[in-house]
Every structure is written in C-alpha cells, then in structure tokens.
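Colleague:
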Amino acid sequence: MIFLEDLITLIQEKYNETLTAPTDESAEDKSFRLGSNFAYFDVFDLIESQLTIHEINSILGL
1 MIFLEDLITL IQEKYNETLT APTDESAEDK SFRLGSNFAY FDVFDLIESQ LTIHEINSIL
61 GL
C-alpha cells in the first residue's frame, strides 16, 4: 500500500503546482496549466473510485 500512498502524494504535489499561476504566464501557458489541473483532478477521481470499489480507501485512511 506504500506505493499507492506515494503515488497519491506525488500526484497531489503536481496538482498543487497547477493551482499557482506565475506572474508572467502567457495565455498558452495558462491553458496548459489549467488543462494539467483538470487532468490531475481526473486522475484523483479515477484513483478514488477504484480504491472505493476495491475497499482499499479505508485501509489507506482516505
């Protein structure tokens, strides 16, 4: 289960990086950042649904 915890932590860190916009962000960079934000959120949703289906989320304390 350590792998899953580490994976979730890494994805959370990458997701958090997409929440902060640099001051000199171009329109293209903003679009990429927001697309990445959506993609990381989608991955979280997928992981959560799979953990719930397999009843692993209670083991990980999620």
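The opening residue of the sequence shown carries number 1 in UniProt numbering; numbering runs sequentially from there.
Positions of the beta carbon are idealized from the N, C-alpha and C atoms, including for glycine.
1) Taking the alpha-carbon positions, what's the Lys-14 to Asp-29 distance?
2) Is the distance from the Cβ of Leu-7 to the Cβ of Ile-47 below 9 angstroms?
3) Report the option in Thr-52, Thr-9, Ser-49, Ser-36 whose CA atom is closest to the CA atom of Thr-20.
4) In whole angstroms, what separates the C-alpha of Phe-38 from that of Phe-32?
5) So, for Glu-17: in the same chain, excluding its five sequence neighbours on each side, which residues have a beta-carbon less than 8 angstroms away from its beta-carbon?
Modeller: If we stick to the structure as given:
1) Numbered from 1 along the sequence shown, position 14 holds the residue referred to as residue 14. Numbered from 1 along the sequence shown, position 29 holds the residue referred to as residue 29. Roughly 16 angstroms between the two C-alpha positions.
2) Here residue 7 refers to the residue found at position 7 of the sequence shown. Here residue 47 refers to the residue found at position 47 of the sequence shown. A contact, by the Cβ cut-off of 9 angstroms.
3) Along the sequence shown, read from residue 1 onward, the residue named residue 20 stands at position 20. Among Thr-52, Thr-9, Ser-49, Ser-36, the Cα nearest to that of Thr-20 belongs to Ser-36.
4) For this step, residue 38 is matched to residue 38 along the sequence shown. For this step, residue 32 is matched to residue 32 along the sequence shown. Their Cα atoms are separated by approximately 10 angstroms.
5) Counting from 1 along the sequence shown, the entry for residue 17 is found at position 17. Cβ neighbours of Glu-17 beyond the five flanking positions: none.
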